[in-house]
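**Student:** Each residue of the sequence shown is one higher than the last, beginning at 251 in the working numbering.
Cβ atoms here follow ideal geometry from the backbone N, Cα and C, with glycine treated the same way.
For clarity, every value in this text was computed on a predicted model and none was experimentally measured.
Sharing a structure with you now.
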Amino acid sequence: MYRQRGVALITVMVLMAIMTLLGIALLNQVCIEIKSAASIRRAINTSLNAESGAFATAGWMSANKQANPPIEILKRNDFYEAECYYLPGLDKAIYHPPGYSTNWEGMVVKTTSGSPDLEHPISLIEGIVFIPTAPAGYGNE
């Protein structure tokens, strides 16, 4: 009789130890999944921040028909830092941009945007954009 109780006690203790180890392993796996999901989300956000800097700069230049955006557009709220400069030999060009009915004179500009900054970027986006400044064919070529 006492022998059966001892076997049952040992069996219960072994099962409790096995269940505890399985619980610890499961908890560890859940923590790893949470950390990886957070790092993926952070990487997506930094990439979108850098992309928004490049497109904000190009959008401002296109809307204002200028290739010298103000500092408020280039450096915005620690989300991105952008810079733009003319490409040599292509700073004056004539193109037929999509969405425009005529040829336009403009500048080909390279924009670079990094998140959070350009010195140590987590994400870096570069783009080459044509900035229309005036319709071509009206004596301004």
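Count Cβ pairs between the region 352-364 and the region 302-311 that sit closer than 8 Å; are there 3 or more?
**Tutor:** With the cut-off at 8 Å, the region 352-364 and the region 302-311 touch.
**Student:** Who pairs with Glu333 in a beta bridge, going by DSSP?
**Tutor:** Indexing the sequence shown from 1 puts residue 333 at position 83. Answer by DSSP bridge pairing, in chain order: Thr362.
**Student:** Is it the case that the Cβ atoms of Ser297 and Ser351 are separated by a distance below 9 Å?
**Tutor:** To locate residue 297, count along the sequence shown from 1; it is residue 47. To locate residue 351, count along the sequence shown from 1; it is residue 101. No; because the gap between Cβ atoms is not below 9 Å, this pair is not in contact.
**Student:** Since Thr307 and Cys334 are thought to touch, with beta carbons under 8 Å apart, how far apart are those beta carbons, to the nearest angstrom?
**Tutor:** The residue labelled residue 307 in the question sits at position 57 within the sequence shown. The residue labelled residue 334 in the question sits at position 84 within the sequence shown. Their Cβ separation, rounded to whole angstroms, is 6 Å, which keeps Thr307 and Cys334 in contact under 8 Å.
**Student:** Where Asn318 and Lys325 are concerned, what is the direct C-alpha to C-alpha distance, given to the nearest angstrom?
**Tutor:** Along the sequence shown, one-based indexing puts residue 318 at 68. Along the sequence shown, one-based indexing puts residue 325 at 75. If you take the alpha carbons of Asn318 and Lys325, they lie about 13 Å apart.
**Student:** Let me confirm a value: Ala332 is counted as buried when at least 16 other C-beta atoms fall within 10 Å, else exposed. Which label applies?
**Tutor:** Taking the first residue of the sequence shown as 1, we reach residue 332 at position 82. Buried is the call here.
**Student:** Ignore the nearest five residues each way along the sequence and tell me which others in Gln279's own chain have a CB closer than 7 Å to its CB.
**Tutor:** Counted from its first residue, the sequence shown places residue 279 at position 29. Closer than 7 Å at Cβ, skipping near neighbours: no residue.
**Student:** Roughly how many whole angstroms lie between the Cα atoms of Gly377 and Gly349?
**Tutor:** Residue mapping note: residue 377 aligns to position 127 of the sequence shown, counting from 1. Residue mapping note: residue 349 aligns to position 99 of the sequence shown, counting from 1. Distance between the alpha carbons of Gly377 and Gly349: 19 Å.
**Student:** Going by C-alpha to C-alpha distance, which of Met263, Val358, Ile344 and Met357 sits closest to Ala386?
**Tutor:** Mapped onto the sequence shown, residue 386 falls at position 136. Closest option to Ala386, Cα to Cα, is Ile344.
**Student:** Please report the straight-line C-alpha distance between Thr321 and Asn295, rounded to a whole angstrom.
**Tutor:** As a first step, residue 321 is located in the sequence shown; it is residue number 71 there, counting from the start. As a first step, residue 295 is located in the sequence shown; it is residue number 45 there, counting from the start. Per the sequence shown, residue 321 should be read as Ile rather than Thr. Taking the straight line from one Cα to the other gives about 23 Å.
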